[in-house]
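Take a look at the structure set out below.
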Amino acid sequence: MPANDPLWTAPSTGSQLQATNELMEVYFRHISPEDQRELGEGGRKAMVQSHLELAVEAAGEPKIGIVRQPRYAVVQVVHPDIRFLVDSVSAELNKMDVPMSVIVHPIVVAHHAQKDQRLTAIFELPAHQPRLSGDAVMPLEHIPAAPEGQHAELQSWISIQTGVPLESDQAANLEAAVEAALADVRSANEDFELLKKAATQTAEALRAEAPPTARGVEPAAELLEWMHADNFVFLGYREYDLATNGDGKQYLDANRETGLGVLREQTSTARPLTELGQQQIDNPNPLIITKTNSRSRVYRNAYMDFIAAKKYDDQGTVVGERRFLGLWRPTLEALPIDQVPYARELAIQVREEAGFAFDSHS
């Protein structure tokens, strides 16, 4: 079949919606023979057919569907292709202890009518382009151009067959969880470049604002730049101003206009600083690095990492925080500590305060 021929075109009004053999071939092209045997011919046809119906119903919008069967269920997603989709959807199933037997996640080029967003055709990606969901996250050249009155979009189609059946309430809860996860994924993607830019701007601000009494300013700035270099999955950012309430107690007041990613819309109640929080503000180190008590819905199901850089006024007094939420890349665990900015300086500081020689094995 010529590369510029559609895999599927919308049938005329009143005709039956039917998946084509061409669409099926592309859909399962990168799935192992073992997984294809697991699905069976009937299961493969049913999976593509229900996914096509979901895409038509979606009309260009993100859409989730769950097909329940006596021995299993199929969780399906149609979504504009962006980062972290497959990992985030899979994480929600893991969080709810739903085993997964087969995962299929191609990307396709979808044409939609501009007037009503009706799906008009589906094309295969050109051979030199990324093939799986999440691999293509920027506008791609050389994709099949849409005719006048239509527009083209890269779509991620995700199908996950579960290893167990789902009751109706389980399916409803899972669909709601996946929908919430996808909302966070969109927020993180929409602000992806702004989040990374905030890291470099925060590094520059630290160098410019921090007083001589602050300890480890340059390594702290280097860590923020190292995070920017794809060593950290940025999920949220917001600035906080240090204020004092009527009882004379300090608290951090969120500057909502600065929110990005998952912190863009999130609201929180300002509470007086705890004793530990006050100690962190008073500590000469310019960064606060810890874990939150909230799990990420994006990328992987883990407690989010919290990195806050202190803000200083002209007198060198701490007046707030520039706060990042996200996840360290898994490769961090395998790196020697002397390859991680700020961490290596902290390690040296701890050794010196403990009285150990640098080459000691104690």
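Just so we're aligned: the sequence shown equals residues 613 to 974 in this note's numbering. Idealized CB from N, CA, C, for every residue including glycine. Note that the structure is a prediction, hence the values are computed from the model and not measured.
Do you know whose CA, among the options, lies nearest residue i's CA?
i: Thr732; options: Glu650, Ile772 and Ala670; result: Ala670
i: Pro718; options: Leu635, Ser799, Ser702 and Val679; result: Leu635
i: Phe844; options: Ala795, Asp647 and Leu835; result: Leu835
i: Asn616; options: Lys727, Ala758 and His763; result: Ala758
i: Pro682; options: Val721, Pro777, Ile734 and Arg649; result: Pro777
i: Met839; options: Thr774, Gln782 and Gln951; result: Gln951
i: Thr621; options: Val721, Asp894, Arg641 and Met708; result: Val721
i: Thr774; options: Pro711, Gln892 and Ser880; result: Pro711
i: Val790; options: Asn913, Ser713 and Glu877; result: Asn913
i: His723; options: Pro618, Val716, Thr879 and Asn905; result: Pro618
i: Phe735; options: Gly761, Gln762, Val638 and Asp803; result: Val638
i: Lys675; options: Ile770, Gly654 and Val716; result: Ile770
i: Ser624; options: Gly652, His663, Gln890 and Arg730; result: Arg730
How is the beta strand (DSSP E) around residue i delimited, first residue to last?
i: Thr814; result: Premise fails: Thr814 lies in the alpha helix (DSSP H), Phe804 to Glu821, not in any beta strand (DSSP E).
i: Met708; result: That residue, Met708, is in no beta strand (DSSP E); it is neither H nor E in DSSP.
i: Glu765; result: Gln762 to Thr774
i: Ala855; result: Phe844 to Thr856
I'd like to check one pair, residue j with residue i: are the Cβ atoms closer than 8 Å?
i: Ala920; j: Arg935; result: yes
i: Gly672; j: Gln688; result: no
i: Ala810; j: Leu872; result: yes
i: Leu937; j: Gly860; result: no
i: Ile772; j: Leu697; result: no
i: Gly928; j: Leu854; result: no
i: Val690; j: Ala725; result: no
i: Ala826; j: Pro898; result: yes
i: Tyr863; j: Ala841; result: no
i: Glu802; j: Val714; result: no
i: Gly828; j: Glu957; result: yes
i: Glu830; j: Thr812; result: no
Taking the alpha helix (DSSP H) that residue i belongs to, which residues open and close that run?
i: Gln862; result: Here Gln862 belongs to no alpha helix (DSSP H); instead the beta strand (DSSP E) covers Gln862 to Gly873.
i: Asn633; result: Asn633 to Tyr639
i: Val931; result: Counting along the chain, Val931 falls outside any alpha helix (DSSP H), though it belongs to the beta strand (DSSP E) covering Val930 to Trp940.
i: Gly677; result: It is not in any alpha helix (DSSP H) - Gly677 instead sits in the beta strand (DSSP E) that spans Lys675 to Arg680.
i: His642; result: Where His642 is concerned, there is no enclosing alpha helix (DSSP H), given that its DSSP letter is neither H nor E.
When you compare only the Cα positions, how much space is there between residue i and residue j?
i: Ser780; j: Ala685; result: 11 Å
i: Ser799; j: Leu875; result: 9 Å
i: Leu947; j: Trp940; result: 12 Å
i: Asn857; j: Thr902; result: 26 Å
i: Ala793; j: Glu821; result: 37 Å
i: Ala955; j: Val797; result: 29 Å
i: Glu665; j: Leu807; result: 36 Å
i: Gly788; j: Ser644; result: In the sequence under discussion, the amino acid at residue 788 is Ala, which differs from the Gly named in the question. Answer to the nearest angstrom: the Cα atoms are 30 Å apart.
i: Ala784; j: Ser768; result: 22 Å
i: Arg819; j: Ala703; result: 38 Å
i: Pro823; j: His642; result: 56 Å
i: Leu786; j: Ala795; result: 14 Å
i: Phe640; j: Ile755; result: 20 Å
i: Asp988; j: Asp865; result: As shown, the chain starts at 613 and ends at 974. That puts residue 988 outside it, with no answer to give.
i: Glu653; j: Gln628; result: 21 Å
i: Asp926; j: Ala817; result: 12 Å
i: Asn633; j: Met659; result: 13 Å
Within a Cβ cutoff of 6 Å, which residues of the same chain sit near residue i, ignoring the five residues on either side of it in sequence?
i: Met750; result: Summary for Met750: the model assigns pLDDT 46, below 50, so the residue's position carries little reliability; its value from the coordinates is reported in the next sentence. Answer for Met750: no residue qualifies.
i: Glu851; result: Asn867, Thr870 and Arg934
i: Asn895; result: none
i: Lys707; result: Asn913
i: Pro884; result: Lys861 and Tyr863
Starting from the C-beta of residue i, find all residues in its chain whose C-beta is less than 8 Å away, skip the five residues before and the five after it, and write them out in chain order.
i: Lys657; result: Ala631 and Met636
i: Tyr915; result: Lys903, Thr904, Asn905, Ser906, Arg907 and Ser908
i: Arg680; result: Pro777, Leu778, Ser780 and Ala783
i: Gln648; result: Phe640 and Arg656
Any Cβ of chain B within less than 8 Å of the Cβ of residue i?
i: Leu666; result: Protein chains in the displayed structure number just one, and chain B is not present.
So, for residue i: in the same chain, excluding its five sequence neighbours on each side, which residues have a beta-carbon less than 7 Å away from its beta-carbon?
i: Tyr911; result: Phe696, Asp699, Ser700, Val845 and Leu939
i: Gln892; result: Ile900
i: Thr943; result: none
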